[in-house]
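**Q**
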Amino acid sequence: MDILLLRFDAPLMSFGGVMVDQHGPTEQFPGLSMLAGLLGNAMGYRHGDADALEALQARIEYAARWDVEPEALLDYHTVDLGQEKMREPGWTTRGEPEHRAGGPAAAFGTHQRYRHYWANGVMTLAITLKDAGTPNLDDLAAAIVQPARPLFLGRKTCLPAAPLLAGRVEAENVLEALRRTPRVVGRVRPERREERNPTEDRKVNACWPAYLGETEQSRQTGIYDRRDWRNQIHAGRRIRIEGLLEIAP
2 MDILLLRFDA
12 PLMSFGGVMV
22 DQHGPTEQFP
32 GLSMLAGLLG
42 NAMGYRHGDA
52 DALEALQARI
62 EYAARWDVEP
72 EALLDYHTVD
82 LGQEKMREPG
92 WTTRGEPEHR
102 AGGPAAAFGT
112 HQRYRHYWAN
122 GVMTLAITLK
132 DAGTPNLDDL
142 AAAIVQPARP
152 LFLGRKTCLP
162 AAPLLAGRVE
172 AENVLEALRR
182 TPRVVGRVRP
192 ERREERNPTE
202 DRKVNACWPA
212 YLGETEQSRQ
222 TGIYDRRDWR
232 NQIHAGRRIR
242 IEGLLEIAP
């Protein structure tokens, strides 16, 4: 199997989870829709190219691991809905701003938002495309190296700090490719590196397709990462494996 190796190295990353009101969580690993959006953006697809994005999303298969564990970061910000400009007529279909229900405090008070990120982590991914078709891996590799537009890792504020394409390998499957790829340790602080022992240093948090089976230190996890690009919603649930993976020394 022909497989691309990607490396996500960025000050901030965010892998959007199920949003509840003003809370925007991040999943531990990227989902299918995020990777389809990333690769589609590199290829020059537009957000409205629903058929092309759906087809790309359906063909993606991947495994991912944290080489350098990130730190959780919470971004808290507020919006003063009581400002004069917020009360004046706006560019809406009804000619006036749409406010939240719940009385004056909700409509004109201070709106709080919480956005979750991963900070200072490094992730390695093994990714391939199922079935023949367009684009192929050559197309994706070329687009990642010279993308049609700037790329970001989740939200637009999450710009990569290094090139995304880390290599190309032949392996039985994406999990085997991930196991065989040496771990990146260059970003690890010296004090953290000293705490590790050679065996534990090879065990990393990872995810991979469910059909490849579980290990002793992994579990099945249900995720909602398939996007209906035409209707702009996430629909459908799938199972993937998450847990510790032992990789090559």
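Residue 14 in the working numbering sits at position 13 of the sequence shown, and the numbers go up by one each step.
Beta carbons are placed, not taken as given, at the ideal position from N, Cα and C, and that holds for glycine.
Leaving out five residues on either side along the sequence, give the residues of the same chain with a beta carbon under 6 Å from the beta carbon of Lys204.
**A** Same-chain partners within the cutoff: Leu245 and Glu247.
**Q** Helix, strand or coil for Asn42 per DSSP?
**A** Note: Asn42 maps to helix in three-state DSSP.
**Q** Helix, strand or coil: how does DSSP classify Phe9 here?
**A** Note: Phe9 maps to strand in three-state DSSP.
**Q** Could you tell me which uninterrupted beta strand (DSSP E) segments, each at least 3 residues in length, are contained entirely in the segment 28-82, listed from first to last along the chain?
**A** Counting whole runs of 3 or more residues, the segment 28-82 contains the beta strand (DSSP E) stretches 61-69 and 72-81.
**Q** What is the DSSP secondary structure of Met2, counted as helix, strand or coil?
**A** Looking at Met2 - three-state DSSP - the assignment turns out to be coil, as it is neither helix nor strand.
**Q** What's the gap between the Cα of His24 and the Cα of Leu75?
**A** Cα-Cα distance, rounded: 10 Å.
**Q** Give every residue of the same chain whose Cβ lies closer than 8 Å to the Cβ of Gly110, excluding the five residues on either side of it in the sequence, and list them in chain order.
**A** Excluding residues within five positions, the ones whose Cβ falls inside 8 Å are Leu82 and Gly83.
**Q** Could you give the distance in angstroms between the alpha-carbon of Glu70 and the alpha-carbon of Asn121?
**A** Each residue's Cα considered, the two are about 8 Å apart.
**Q** Ala178 and Val170 - do their beta-carbons sit closer together than 8 Å?
**A** The answer is yes: Cβ separation under 8 Å.
**Q** Okay, do the segment 203-218 and the segment 32-42 touch, 3+ Cβ pairs below 8 Å being the bar?
**A** Not touching, per the Cβ criterion.
**Q** Go ahead and label Asp139 buried or exposed: buried means 16 or more other beta carbons lie within 10 angstroms of its beta carbon, across all protein chains shown.
**A** Exposed.
**Q** Whose C-beta lies closer than 7 Å to the C-beta of Leu176 among residues of the same chain, with five residues either side of it excluded?
**A** Once the five neighbours on either side are set aside, the close Cβ partners of Leu176 are Ala64, Trp209 and Leu213.
**Q** Would you check if the distance between the CB atom of Thr216 and the CB atom of Tyr118 is smaller than 8 Å?
**A** Not a contact, by the Cβ cut-off of 8 Å.
**Q** With respect to the beta strand (DSSP E) encompassing Ile224, which residues constitute its N-terminal and C-terminal limits?
**A** Ser219 to Ile224 is the span of the beta strand (DSSP E), which, as asked, contains Ile224.
**Q** For a test of the three-state rule: what should DSSP assign to Leu85, helix, strand or coil?
**A** According to the sequence shown, residue 85 is Glu rather than Leu. Looking at Glu85 - three-state DSSP - the assignment turns out to be helix.
**Q** Within a Cβ cutoff of 6 Å, which residues of the same chain sit near Arg146, ignoring the five residues on either side of it in sequence?
**A** The sequence given here places Val at residue 146; Arg does not occur at that position. Closer than 6 Å at Cβ, skipping near neighbours: Leu166.
**Q** Tell me the DSSP secondary structure of Leu246 in three-state form.
**A** Looking at Leu246 - three-state DSSP - the assignment turns out to be strand.
**Q** Among the residues of its own chain, which have a CB less than 7 Å from the CB of Tyr46, if the five just before and after it don't count?
**A** Answer for Tyr46: Ala53 and Leu54, listed in chain order.
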